[in-house]
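All letters in the sequence shown, in the order written, are residues 46 to 165 by my numbering.
Here the structure is laid out as structure tokens; the discussion comes afterwards.
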Amino acid sequence: EQSWIVRSQQQQQQQQTRRHEHALCSIPRSQTQYVWQGDVSHLKQCRSQHIIYLLQHFILPSNTHLQAYQNTFIAYCEETQIDGPKLLQSSDKQFAANVVQFAHGGHDGDALHDAALAVW
46 EQSWIVRSQQ QQQQQQTRRH EHALCSIPRS QTQYVWQGDV SHLKQCRSQH
96 IIYLLQHFIL PSNTHLQAYQ NTFIAYCEET QIDGPKLLQS SDKQFAANVV
146 QFAHGGHDGD ALHDAALAVW
């Protein structure tokens, strides 16, 4: 009986993760075209548009799992105007958790954090 409860809880967590992943993929594509501008040689010099350009042209295309979430990452960066210094201050996991939280309308919670870790 206890193993049935554990399986049931695991199934619920998997369903919740799938719902979170669906929300991450449902954000519309950005209408802005980003091009590399400026003489930037370090992440700390990057403005928001540089971060978005790097995501679009280098980071997301090289990671097949994250490609499905490209619109979410771009929308998050556009909305928050994240730049190099802000990005350097956050860990990879915190950045992913912030993106998931953004995709879910700012809601917080353990399930969102778990979904972020599963995606990242």
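For glycine and all other residues, C-beta sits at the position ideal for the given N, C-alpha and C.
Exercise for review: Count the other CB atoms, across all protein chains shown, that sit within 10 Å of the CB of residue 147; report buried if there are 16 or more and exposed otherwise.
Suggested key: buried
Practice item. Flag this pair as yes or no: are the beta carbons of residue 122 and residue 86 separated by less than 8 Å? Key: no
Point to revise | Inter-residue Cα distance where the pair is residue 95 and residue 151 | key: 24 Å
Point to revise | Coarse secondary structure for residue 105, derived from DSSP in three states | key: coil
Review point. So which of 103, 113 and 98 has the shortest CA-CA distance to residue 128?
Key: 98
Review point. Shortest alpha-carbon distance to residue 89 belongs to which of 149, 105, 134 and 130?
Key: 130
Point to revise | For residue 114 and residue 107, the rounded distance between their alpha carbons | key: 13 Å
Exercise for review: Can you give me the Cβ contacts of residue 126 inside the same chain, cut-off strictly under 8 Å, excluding the 5 residues immediately before and after it?
Suggested key: If the five residues before and after residue 126 are omitted, its C-beta is found closer than 8 Å to the C-beta atoms of 93, all from its own chain and listed in chain order.
Practice item. Would you check if the distance between the CB atom of residue 140 and the CB atom of residue 133 is smaller than 8 Å? Key: no
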